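As structure tokens, the structure follows; a few thoughts come after it.
There are 2 protein chains.
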Amino acid sequence: MVDNMKITKKEIQKFEKLYRATLINSISGFKSANLIGTISSDVKTNLAIFSSVIHVGANPPLMGFLMRPVSVERHTYNNIKETGHFTINHINNEIFKQAHQTSASYEKGISEFDACGLIPEYTDTIKAPYVKESKVKIGLKFLEEQEIKSNGTIFIVGEIQEIILPDDIILADGFVDIEKVRTVAISGVDSYHETRKVSRLSYAKPGVEPKEI
Amino acid sequence: MVDNMKITKKEIQKFEKLYRATLINSISGFKSANLIGTISSDVKTNLAIFSSVIHVGANPPLMGFLMRPVSVERHTYNNIKETGHFTINHINNEIFKQAHQTSASYEKGISEFDACGLIPEYTDTIKAPYVKESKVKIGLKFLEEQEIKSNGTIFIVGEIQEIILPDDIILADGFVDIEKVRTVAISGVDSYHETRKVSRLSYAKPGVEPKEI
């Protein structure tokens, strides 16, 4: 029998900075693992790993992510504001090391594509590079940003312009089997996880037990 | 060799509503699986499943989630505004069916705790119920809300007041091993996944290959 411990706000404030960041980053649950690709107006590509990409809405089709605009992520932010476009690329189990490496602080002149060994590719629709090695890629148009006043982070929202993926992972009801292309999940700031499906459950109705579908 | 297919914005707009929702919900990657607990000013508890909880910052310790305030989630929203508190509770592989069932449209008078078979528990700090069966529980104070203008969803930010978890899952560097307590991940709107750690990688620096830690 393990004991539950309670960590108070006061204790959190007293933790050493890196310990606190590691702890607090771990407790939101498993996170999406994506590479965001952008290009500057003078045609320098940028690629950065994000674990905060979430679904925002289906109609219109929207996705969003949270960023710290004054950190290593500022190139991503500046490029999105310059071009109005960005790409979201799933990280799979074959490229998670390269993806992780994009979080190193490279100078503006150096592309993370070159430095980390990933290949940029383009479509006619989106003014931003996709990651060739990624299996599920989404091209987005920047729509809005909302500043989180509590800490100055920015929630960026984009509208999906196109989705590129293998045709055999979309099931008849629209569900995309991202486990089949071995998309990984992130825990904390540096832990990468594969998944194993436990169950898909039927639409929940009061008084009816959910069934496996 | 599978073929890549490209789905355009025009095609997405033409999809049947439920197909589109299922597709777009699947493509952000794996999502966190949490139950958010609240209580109304007239002491009615509420519990709702969310897959949009993300890390917002470590100092101050902040978490956030996106909600649709005019849907089944409105009880959560109203309660947070009334009491200023909410709890975030990890969904593990033993309670994912009960957690899924909280998404059914219960009347305001009915608590999802009772209807879905989960037990509320309380601390002196937080005016909101925790889920007893959850292994990692976080008590938060409401800080701010930001409306996403593009579709009227609301991003809610709370400050962590306390964290309750088994003491043997916190590693020496602060990393919380949420896989050990079998926290699940969500894909789409109804698919639940267990995880298997592939690797933790060292802090990324330019020119240095990330190492397993």
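Protein chains in written order, with our numbering: chain A, 1 to 213; chain B, 1001 to 1213. Beta carbons are placed, not taken as given, at the ideal position from N, Cα and C, and that holds for glycine. All figures in this text were calculated on a predicted structure; none of them were measured in a lab.
Round the Cβ separation of residue i and residue j to the nearest angstrom and send it over; I've been treating them as touching at under 8 Å.
i: serine 191/A; j: proline 1206/B; result: Actually they do not touch by this definition, with Cβ atoms about 22 Å apart.
i: glutamate 1159/B; j: leucine 1062/B; result: 6 Å
i: glutamate 1162/B; j: isoleucine 7/A; result: 6 Å
i: aspartate 1173/B; j: threonine 22/A; result: 6 Å
i: leucine 1118/B; j: valine 1136/B; result: The pair is not a contact, with the Cβ atoms about 15 Å apart (cut-off 8 Å).
i: asparagine 1034/B; j: glycine 57/A; result: That belief does not hold up - the Cβ atoms of asparagine 1034/B and glycine 57/A are roughly 19 Å apart, past 8 Å.
i: isoleucine 178/A; j: serine 1051/B; result: The pair is not a contact, with the Cβ atoms about 14 Å apart (cut-off 8 Å).
i: phenylalanine 1065/B; j: leucine 1140/B; result: Not confirmed; about 10 Å, so no contact.
i: alanine 1128/B; j: threonine 1038/B; result: 5 Å
i: glutamate 1112/B; j: threonine 1102/B; result: 4 Å
i: valine 181/A; j: asparagine 92/A; result: 6 Å
i: phenylalanine 96/A; j: valine 184/A; result: 5 Å
i: lysine 149/A; j: serine 1032/B; result: That pair is no contact at about 23 Å.
i: phenylalanine 155/A; j: glutamine 1146/B; result: 7 Å
i: arginine 200/A; j: arginine 1196/B; result: In fact, because the Cβ distance is near 19 Å, the residues do not count as touching under 8 Å.
Would you say residue i lies against chain B (beta-carbon separation less than 8 Å)?
i: arginine 74/A; result: no
i: isoleucine 80/A; result: no
i: isoleucine 95/A; result: no
i: glycine 84/A; result: no
i: isoleucine 126/A; result: no
i: threonine 38/A; result: no
i: aspartate 114/A; result: no
i: asparagine 4/A; result: yes
i: asparagine 92/A; result: no
Is there a C-beta anywhere in chain A that falls below 8 Å from the one on residue i?
i: glutamate 1162/B; result: yes
i: glycine 1117/B; result: no
i: tyrosine 1077/B; result: no
i: lysine 1122/B; result: According to the sequence shown, residue 1122/B is tyrosine rather than lysine. Judged by the 8 Å Cβ criterion, tyrosine 1122/B is not in contact with chain A.
i: lysine 1108/B; result: no
i: glutamate 1167/B; result: Strictly speaking, residue 1167/B in this sequence is aspartate, with glutamate absent from that position. So, interface residue.
i: leucine 971/B; result: Residue 971/B is absent from the structure shown; chain B starts at 1001 and stops at 1213.
i: serine 1111/B; result: no
i: threonine 1087/B; result: no
If I follow the unbroken beta strand (DSSP E) through residue i, where does it start and stop?
i: alanine 185/A; result: 185 to 187
i: threonine 195/A; result: 191 to 200
i: leucine 165/A; result: 154 to 166
i: lysine 141/A; result: 137 to 147
Where do the N-terminal and C-terminal ends of the alpha helix (DSSP H) with residue i fall, by residue?
i: leucine 18/A; result: 17 to 26
i: isoleucine 12/A; result: 9 to 14
Practice problem: With 8 Å as the limit, tell me which residues of the region 1128 to 1160 of chain B have their beta carbon closer than that to any beta carbon of chain A; keep them in chain order. | Solution: Look at the region 1128 to 1160 of chain B: the residues with a C-beta under 8 Å from a C-beta of chain A are Val1136, Ile1138, Leu1143, Glu1144, Gln1146, Glu1147, Ile1148, Lys1149, Ser1150, Asn1151, Thr1153, Phe1155, Val1157, Glu1159, Ile1160.
Self-check item: Interface positions of the region 41 to 72 of chain A facing chain B (Cβ-Cβ less than 8 Å), listed along the chain
Solution: Interface annotation for the region 41 to 72 of chain A against chain B: Ser51, Ser52, Val53, Ile54, His55, Val56, Gly57, Ala58, Asn59, Pro60, Pro61, Leu62, Met63, Gly64, Leu66, criterion Cβ-Cβ distance under 8 Å.
Practice problem: Report the residue ranges of all beta strand (DSSP E) runs contained in full by the region 37 to 124 of chain A; include only those spanning at least 3 residues, in chain order. | Solution: Listed in chain order, the complete beta strand (DSSP E) runs (minimum 3 residues) inside the region 37 to 124 of chain A are 45 to 50, 54 to 58, 61 to 67, 85 to 90.
Self-check item: Within 9 Å of chain A by C-beta, residues of the region 1014 to 1027 of chain B in sequence order
Solution: So the list reads Phe1015, Glu1016, Lys1017, Leu1018, Tyr1019, Arg1020, Ala1021, Thr1022, Leu1023, Ile1024, Asn1025, Ser1026, Ile1027, given in the order they occur along the chain.
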